[in-house]
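Peer 1:
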C-alpha cells in the first residue's frame, strides 16, 4: 500500500517501530493526498497488526441515519431548526419526538416554529421551493436527511457501511473516492454554514422567521 499510494513516504513510514505507528503515519499522509481513513488508524488506536487496514479501505461515512434522527435533541441548534422544517424521512418516526424537539427551542424560536406545517414540508417541496444560493444549505439539509444527495459518503450511514460491500484497495477506486469525498465536504459545509446562520445570537430568530416566511409563501404558490 505504501509503495502504491505514498511511494515517496516509504522510508518515513516503514521506519516506524511498530505496526500501529506505521499505520498512523500512513493514514496521516494518505489523508493529505486522498481522503481521511478511520480515526483509529491516525490516532494509533488500532490493533497492532495490519489486518484491518489491508482487508479494505477503512473510510469514513457521513450519512444521517435513524439513530442520528432520534438523537436530534442533542444536536446543535441549527441542525434541530433545519430538521424541524422538513417532514421526517423515517416512516416509523413518532410525532411526539417532533413535539419534544420544538419544546426544547428557546421561546423566540418556538413562536416561529408553530407556523411550520404540522409534519414539516416534504423533500419534493424543498426541491421546488429552496432555489438559489441563499437557501442552498437548507436545501442540502433536506437532501441529506433523506439520504438523497447522490453522494455515497453522505447517503451511507454506519449501519449501511458495515452491511454493504467492502471498498477494496484499488488505485482507480481510491482516486474516485477522493474526489467524491471533497464534494461531500463542500456539500456538508454549506449545510453547517446555514445552521450557523440560524444560530446567530442576535439575528438567529429573525432569520428562522425569514426562512419560514419564504417557505410558506412558496407553499401557497404551489397550491
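In the working numbering, the protein residues as written are 81 to 303. The C-beta atom is built at its ideal place from N, Cα and C for all residues, glycine as well. No experiment lies behind these values; they were computed from the predicted model shown.
Confirm, please, whether the CB-CB distance from residue 137 to residue 275 is below 8 Å.
Peer 2: What you label residue 275 is simply residue 195 of the chain shown in a count that begins at 1. What you label residue 137 is simply residue 57 of the chain shown in a count that begins at 1. Contact: no.
Peer 1: Using C-beta distances below 7 Å, list every residue in its chain close to residue 198, excluding the 5 sequence neighbours before and after it, in chain order.
Peer 2: What you label residue 198 is simply residue 118 of the chain shown in a count that begins at 1. No residues qualify anywhere along the chain.
Peer 1: Could you give the DSSP three-state label for residue 144: helix, strand or coil?
Peer 2: Mapped onto the chain shown, residue 144 falls at position 64. Residue state, collapsed to three classes: coil.
Peer 1: To the nearest angstrom, report how far apart residue 154 and residue 180 are at their CA atoms.
Peer 2: Taking the chain shown and counting its residues from 1, the one referred to as residue 154 is at position 74. Taking the chain shown and counting its residues from 1, the one referred to as residue 180 is at position 100. Cα-Cα distance, rounded: 12 Å.
Peer 1: Taking all protein chains shown into account, decide if residue 303 is buried (16 or more other Cβ within 10 angstroms of its Cβ) or exposed.
Peer 2: For the purposes of this step, residue 303 is taken as residue 223 along the chain shown, with counting starting at 1. Confidence at residue 303 is low in this model, with a pLDDT of 48, below 50, so the placement of that residue should be treated as unreliable; the coordinate-derived value is given next. Exposed, because fewer than 16 other Cβ atoms sit within 10 Å of the Cβ of residue 303.
Peer 1: Is the CB-CB distance between residue 235 and residue 227 below 8 Å?
Peer 2: Position 155 of the chain shown holds residue 235. Position 147 of the chain shown holds residue 227. Yes, the pair counts as a contact, with Cβ atoms nearer than the cut-off.
Peer 1: Under three-state DSSP, which class holds residue 185?
Peer 2: Here residue 185 is taken as the residue at index 105 of the chain shown, counted from 1. Here residue 185 sits in coil by DSSP.
Peer 1: Have a look at residue 103 and residue 262 and give me their C-alpha separation to the nearest angstrom.
Peer 2: Within the chain shown, the letter at position 23 stands for residue 103. Within the chain shown, the letter at position 182 stands for residue 262. Those two C-alpha atoms are separated by around 23 Å.
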